[in-house]
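S.K.: Chains as they are written, first to last, in the numbering used here: chain A, 2 to 456; chain B, 2 to 456; chain C, 2 to 456.
Each residue gets a CB set at the ideal place from its N, CA and C atoms; glycine is no exception.
Since we're looking at a predicted model, the values are computed, not measured.
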Amino acid sequence: MQELKKLNTSLNEEILRMDRLFDQLFPICRSITGPGLRETLEILSEYIPLEHFSLASGTQAFDWKIPQEWIIRNAILKGPDGEVIADFMEHNLHVINYSEPIDNELELEELQHHLFSIPSLPEAIPYVTSYYKKRWGFCIPHKKREELKPGKYHALIDSEFVDGGINFSHAVLPGKSDKEILISSYVCHPSLANNELSGPISSTFLYERLAEKPRRFTYRFVFVPETIGSISYLYKFGDDLRQKLHAGLVLTCLGGNESLSYKKSRRGNSPTDLMWEHLVQYKEIHGDTRSFTPVNGSDERQYCSPGFNLPVGQMSRTVYATYPGYHNSLDTKEFMTIESLHESVNELEKLIEALEWDGYYVNTSPYGEVKLDKHGLYPDINAPGKTGLFSSNDLNDQRVQLSRILTILNYSDGQHTLREIANQCECSILQIIPIMELLLSKSIVTGPFEDRQEL
Amino acid sequence: MQELKKLNTSLNEEILRMDRLFDQLFPICRSITGPGLRETLEILSEYIPLEHFSLASGTQAFDWKIPQEWIIRNAILKGPDGEVIADFMEHNLHVINYSEPIDNELELEELQHHLFSIPSLPEAIPYVTSYYKKRWGFCIPHKKREELKPGKYHALIDSEFVDGGINFSHAVLPGKSDKEILISSYVCHPSLANNELSGPISSTFLYERLAEKPRRFTYRFVFVPETIGSISYLYKFGDDLRQKLHAGLVLTCLGGNESLSYKKSRRGNSPTDLMWEHLVQYKEIHGDTRSFTPVNGSDERQYCSPGFNLPVGQMSRTVYATYPGYHNSLDTKEFMTIESLHESVNELEKLIEALEWDGYYVNTSPYGEVKLDKHGLYPDINAPGKTGLFSSNDLNDQRVQLSRILTILNYSDGQHTLREIANQCECSILQIIPIMELLLSKSIVTGPFEDRQEL
Amino acid sequence: MQELKKLNTSLNEEILRMDRLFDQLFPICRSITGPGLRETLEILSEYIPLEHFSLASGTQAFDWKIPQEWIIRNAILKGPDGEVIADFMEHNLHVINYSEPIDNELELEELQHHLFSIPSLPEAIPYVTSYYKKRWGFCIPHKKREELKPGKYHALIDSEFVDGGINFSHAVLPGKSDKEILISSYVCHPSLANNELSGPISSTFLYERLAEKPRRFTYRFVFVPETIGSISYLYKFGDDLRQKLHAGLVLTCLGGNESLSYKKSRRGNSPTDLMWEHLVQYKEIHGDTRSFTPVNGSDERQYCSPGFNLPVGQMSRTVYATYPGYHNSLDTKEFMTIESLHESVNELEKLIEALEWDGYYVNTSPYGEVKLDKHGLYPDINAPGKTGLFSSNDLNDQRVQLSRILTILNYSDGQHTLREIANQCECSILQIIPIMELLLSKSIVTGPFEDRQEL
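#1: Grab the span of the alpha helix (DSSP H) containing alanine 355 of chain C for me, first residue to last.
#2: What does arginine 31 of chain C reach in chain B if we use C-beta pairs closer than 9 Å?
#3: Using the three-state DSSP reduction, which class does methionine 437 of chain B fall into: helix, strand or coil?
#4: Note down, in chain order, each residue of its chain lying with its Cβ closer than 7 Å to the Cβ of glycine 298 of chain B, except the 5 sequence neighbours on either side.
#5: Please decide whether glycine 308 of chain C counts as near chain B, where near means a Cβ-Cβ distance under 8 Å.
#6: Applying the 10 Å Cβ sphere with the 16-neighbour rule, what's the burial state of alanine 57 of chain C?
#7: Could you give the first and the last residue of the continuous beta strand (DSSP E) run that contains tyrosine 379 of chain A?
#8: Looking at the secondary structure, which residues open and close the beta strand (DSSP E) in which tryptophan 71 of chain B lies?
#9: Can you pull the DSSP bridge partners for lysine 264 of chain B?
#10: Can you tell me the Cβ-Cβ gap for glutamate 181 of chain B and lysine 245 of chain B, rounded? I've got them flagged as a contact below 8 Å.
#11: At a Cβ cut of 7 Å, what residues of the region 5 to 23 of chain A count as close to chain B, listed as they run along the chain?
#12: In chain A, which residues lie less than 7 Å from arginine 302 of chain B when you measure between Cβ atoms?
#13: Spatial neighbours of isoleucine 339 of chain A within its chain, please: C-beta separation below 7 Å, excluding the five flanking residues on both sides.
#14: Spell out whether any CB of chain C is found under 8 Å from the CB atom of proline 367 of chain B.
#15: Tell me whether alanine 423 of chain B sits in a helix, a strand or coil according to DSSP, three-state version.
#16: Closest to threonine 418 of chain B by CA distance: which of B:His376, B:Ile86, B:Leu356, B:Leu407 is it?
#17: From lysine 134 of chain B to histidine 95 of chain B, what does the alpha carbon distance come to, in whole angstroms?
#18: Counting contacts by CB-CB distance shorter than 8 Å, is serine 442 of chain C in contact with chain A?
#19: Three-state secondary structure (DSSP) at asparagine 329 of chain A?
#20: Tell whether a beta-carbon distance below 8 Å holds between tyrosine 361 of chain C and arginine 453 of chain C.
#21: Within 8 Å, do at least three Cβ pairs link the region 181 to 194 of chain C to the region 139 to 149 of chain C?
#22: Can you pull the chain B residues whose beta carbon is under 9 Å from the beta carbon of leucine 407 of chain A, in chain order?
#23: Would you please verify whether the beta carbon of proline 449 of chain B is less than 8 Å from any beta carbon of chain A?
#24: Identify the residues that DSSP records as bridge partners of glutamate 52 of chain A: which are they?
#25: Starting from arginine 221 of chain A, trace the beta strand (DSSP E) both ways and give me its first and last residue.
#26: Under 8 Å between C-beta atoms, does aspartate 82 of chain C make it to chain B?
#27: Output needed for isoleucine 44 of chain C: all residues of its chain with C-beta closer than 7 Å, excluding positions within five of it in sequence on either side, in chain order.
#28: So which of B:Leu109, B:Ala156, B:Ser118, B:Ser121 has the shortest CA-CA distance to aspartate 88 of chain B?
#29: Distance, Cα to Cα, threonine 219 of chain C vs proline 449 of chain C?
#30: For glutamine 61 of chain A, write down the residues that DSSP places opposite it in a beta bridge.
#31: Residues in the same chain with beta-carbon distance under 8 Å from serine 262 of chain C, minus the five sequence neighbours each way, listed in chain order, please.
#32: Going straight from the alpha carbon of alanine 125 of chain A to that of lysine 214 of chain C, what length do you get?
#33: For serine 271 of chain A, which residues of its own chain have a beta-carbon under 7 Å away from its beta-carbon, when the five flanking residues on both sides are left out?
#34: For alanine 384 of chain A, would you say it is in contact with chain D, using Cβ-to-Cβ distances shorter than 8 Å as the test?
#35: Compare the C-beta of proline 1 of chain C against all C-beta atoms of chain B and say whether one is closer than 8 Å.
#36: DSSP puts threonine 418 of chain B in a beta bridge; with which residues?
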């Protein structure tokens, strides 16, 4: 009871700490390069031990060239009477991300070419970017746009492009095996909640939990600007990932009210792809499954590009482009909720627990059945039902456990994974972990092995 | 007509001989070791040429140790007034199989801990064993148990444990090939019919039938005590089986009114697994199919343990644990019926006939079609329907046979088994045996081969 | 508009030329050997550059022996009053193909053994052959047969068997690759339209069309007498085909009102088998699919004999043996129609276009995504929907094309065929050819390759 209370307290503390991290990160004007990106990575460093990397502007990374850094100091749009129409200091979505500098007066008609709004969401400030083509512009609520009156407007954007580079970071949690599980999220959108901070915050607190447990696999937590950042990461660490990666997940849009939604890796049969479907089948996790597609998504598009084809899927909750607040100022903490993030971390931990136990196992007495009564695992009398008065013989009534033991031992032949064995038992892998702990402790089986074993 | 009469007579004789063997074997008090087991194997030797083997008590066979022999001479339970409650001489199920000796007076309350009965079958004497834990006890009808009155009871069990060994036997019928088909049944239950004698009796008479025919495969008929006996057999002959076994069947519970029921091997695609499903599909045999499971069953659990994984399935009719008389005194000849056993032998013979013919065949003229009219197998005129008056041209009307010949020749490429070719013909393998005999006699095809052949 | 008119004119001209070829070929009395066969091949030579081959009478070709040539000069059956019952000069179906000579008077009763007719089609003259057994006979409408009166009939067949050989021809259209596509049709039936001339006429005009285009594959157009001719062709060129054949089609019965019907090759997964099903799935061609069978059909029975097992299917429209005019005088140009043949050529050309483009492709920048905006293939701004006034940014609205480009690039990994990639795009291969032309022109992908490529 006290244990439970302690656990609840620590969970509540975790939610409070997630909330604090959110509040630290939300106001920052991030982009794919520049000071906001660096500030974000530094704040994350206060929670987990990040290593920082960069590629200089102008570097050719595969088919892409690292752009100059974008420095934004101020952006303000004033109306004919000097009234403020949009102010970067008030909301950093008001300026097109990567806007070139401007300080000019212009008529409303001309200004319209530089304004963005969403007619169907008249209160929302849209999020607009133009990374690779020089442009300038302001984003405002459509309602406000419709009220603009003719006249001279003054557009001021105090931005600058400078040589610098792109920044990205990772933290590696070593395990018994060199084989790695990748957790990747992105840190390049300004003040957006579900479609920005849900990923790195979940990732950070998942790291904290795994750090406290023994680990079979090594875990690599990666934080990058989306697309150009994962391409840069692959440019630097792609060969490494190709050799070591056992499984991987891109985390994005993990807030909101939906149940989880998993997008499979391009391979379609990666350890995570198979385990996800197993856990959903046995109702350990509720959620739906999406096929891989290169047409939309997040950094799994890069990890699963044909030259890498890594076993990386993507986990979301309220999926990008399916909710009104996507890419505009309605994507707030209130919409996302810290509680949803916390639940996401719980479910990710469950998936990882299952991956940790999966693998090939070997029955150490594979010739004929194991003599289970020697180990106290088999009834020592064969009598009808419960009619015997030797009712202390509890195992007589433990048919489910006994059936599972017999099934596990028969298929622990170095050729079936524990997930497949659980399927034979018609239950989830999580349900047979206690039996595996028992059988391992008695040296009746050995494992898990990553590769098939000959008996 | 006379042939048919002769055949019927010989079938009737076979049923009479099966009945006689049953009556010889039923009264014997068998166990997994000891005199009853040996007596059973000696009686079977009168029918088929068995070789006998044993492993000494104390031998470690894989994870199991061969127990001491159990000698049972007498067991009688008397009531307060000296009346007989249970008498081993009257029915050998009255004593727990492998009971330790006892000669003691005790109160009813204490005695209850040593009594077994089945409330739902108040007339039945249950069959109880305690091979690996020392115990003593009596099995009685529940009806009788409820009438027991308080007082002093006298329990006498005159049994003994002695060093000796475990006995098992086999008979090998050589064929043209070293490849073997295993037929295994068990001989360790006392007076039970369906769940004991149905197996060895079917096996014995199947042997007799196969002995009279030319054989492609070598047949190995094995008689063992269940579990410890098949483990002992594998301990001695496992490597041999691993090298030679083409297919195998454990025979158990082959009596009763049901149609056959086949439990597939662990491989799920053994020659017998595939042939059974083929014969059922084309209604040559009626029956149902069970998946492999290590959770219950008979000696296929040992043959299919992961270290061996032999291609051994199990054939039953009225399956263990699904009928009221299972493991009690209701499992009698009247329940089982000799006629059912006889029908089982017929159907097993049919399955074996199919396995004998299955394999890869080679068309000796595989380039272009065979010129079938040279062999009298193709019409020598191409004319519409039956309008030609050359109506002696019978082949015009033998479209079914001609279609099958063309199909057989096209797929006799050394890559398709005869079963697969029969599937192409949309008929059972048994239905095309006459055509194969014709084609083989004309050297248009050769075979069967056990492995794929290159043309 | 003028282009279209020109195209229509050329199509009309093509139909007229097909009609002319039909009229040249129809009256000839073809057989599996002899002058009619040679005359047919010579007429086809006026359209396409055939090479001629022969095997001498008596040659053993696999299991078959080349027969003597059959020369037929005249055949006339006269009634008791000298009236003409059947006259070869009037219709060459009146005489059994390969009739031996006769010049005899005989009673009606005896004559009946030499008459063939179809009671259910009383107006039709049946087509009857007896190639490998010496016979003589006349084929007449059943209506006429029923009117025959008793008396002496005079049967005259002026035929002859002479040593000579079997003739067959091919025309090879070289392509960039040595890999070949075979188009085979037969030229051995006398005056029959759908079940004779539809094949060689379609083949001839398909040749003409392919000759005018650049070709990836080499095309081999084969014209043979059915069965013995394709066996002879395989005897001479079988090894060649085994090495070079990528895909193949036997053309038969391509006239009539039905939609196309494709019989798969024996392999069941040849390039044509897979492409046919793909094009039918995406409604590029309407038609049905038949499984391979060696029981009936045309020369695919020889190409797909087990010793060759070539990737050859069969294309038909109104399939042999399913229409009343099959193998009798009702199989006329009016039944077949030249327009149907023309449509068959159009659809065959479409199938070949698809095969030409299919194969493995390689993305030249497979690490991370291709930077598509460099090539003008990606929007240079990321803004909500159509609200931006930069509406010249057409690519924003070309989501279908962009999705297909992303999908093609992701799966152009040297491991997926273009047909499989089209399936990923959920459209037909023909629909993505324009995109492939674009990507190839920009060197973003290379291909097609016939074999899998490592990146």
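M.R.: Here's the rundown:
#1: Per DSSP, the unbroken alpha helix (DSSP H) holding alanine 355 of chain C starts and ends at 339 to 358.
#2: Simply none; closest approach about 15 Å.
#3: Correct three-state label for methionine 437 of chain B: helix.
#4: Only Lys264, Gln315 meet the Cβ criterion.
#5: Answer yes: the Cβ-Cβ gap between glycine 308 of chain C and chain B drops below 8 Å somewhere.
#6: With fewer than 16 other Cβ atoms within 10 Å, it is exposed.
#7: First-last for tyrosine 379 of chain A: undefined, no H or E at that position.
#8: 70 to 79 is the extent of the beta strand (DSSP E) around tryptophan 71 of chain B.
#9: In DSSP, lysine 264 of chain B forms a bridge with B:Arg291, B:Gln315.
#10: So it is a contact: roughly 4 Å between Cβ atoms.
#11: Across the region 5 to 23 of chain A, no CB contact with chain B closer than 7 Å is found for any residue.
#12: Here the neighbours are Glu370.
#13: Taken in chain order, the residues that qualify are Ile16, Met19, Asp20, Phe23.
#14: Judged by the 8 Å Cβ criterion, proline 367 of chain B is in contact with chain C.
#15: Secondary structure at alanine 423 of chain B: helix, using DSSP grouped into helix, strand and coil.
#16: Minimum Cα distance to threonine 418 of chain B is reached at B:Leu356.
#17: Using only the alpha carbons, I get a separation of about 18 Å.
#18: It does not: the Cβ of serine 442 of chain C has no partner Cβ on chain A nearer than 8 Å.
#19: The answer is strand: DSSP assigns asparagine 329 of chain A an E or B state.
#20: Going by C-beta atoms, tyrosine 361 of chain C is nearer than 8 Å to arginine 453 of chain C.
#21: Result no; under three Cβ-Cβ pairs closer than 8 Å.
#22: Contacts between leucine 407 of chain A and chain B, judged by CB atoms closer than 9 Å, involve Thr294, Pro295, Val296, Asn297, Arg302 in chain order.
#23: Not flagged as an interface residue toward chain A: proline 449 of chain B, since no C-beta distance is shorter than 8 Å.
#24: In the DSSP assignment, glutamate 52 of chain A forms a beta bridge with A:His171.
#25: Run containing arginine 221 of chain A: 219 to 225, per the beta strand (DSSP E) assignment.
#26: Chain B, which has no Cβ nearer than 8 Å to the Cβ of aspartate 82 of chain C, makes this no.
#27: Leaving aside the five residues that flank isoleucine 44 of chain C on each side, the residues in its chain whose CB is nearer than 7 Å to its CB run, in chain order, Gln25, Leu26.
#28: Among B:Leu109, B:Ala156, B:Ser118, B:Ser121, the Cα nearest to that of aspartate 88 of chain B belongs to B:Ala156.
#29: Their Cα atoms are separated by approximately 15 Å.
#30: In the DSSP output, where bridge partners are listed per residue, glutamine 61 of chain A has A:Lys66.
#31: These residues qualify, in order along the chain: Gly288, Asp289, Thr290, Arg291, Met316, Ser317, Arg318, Val320.
#32: If I take the Cα positions, the gap works out to 57 Å.
#33: Correct list, in chain order: Ala248, Pro312, Gly314.
#34: Absent here is chain D; the protein component of the structure consists of chains A, B and C.
#35: Residue 1 of chain C cannot be examined here, being either before or after the span of chain C that is shown, 2 to 456.
#36: Beta-bridge analysis with DSSP links threonine 418 of chain B to B:Tyr361.
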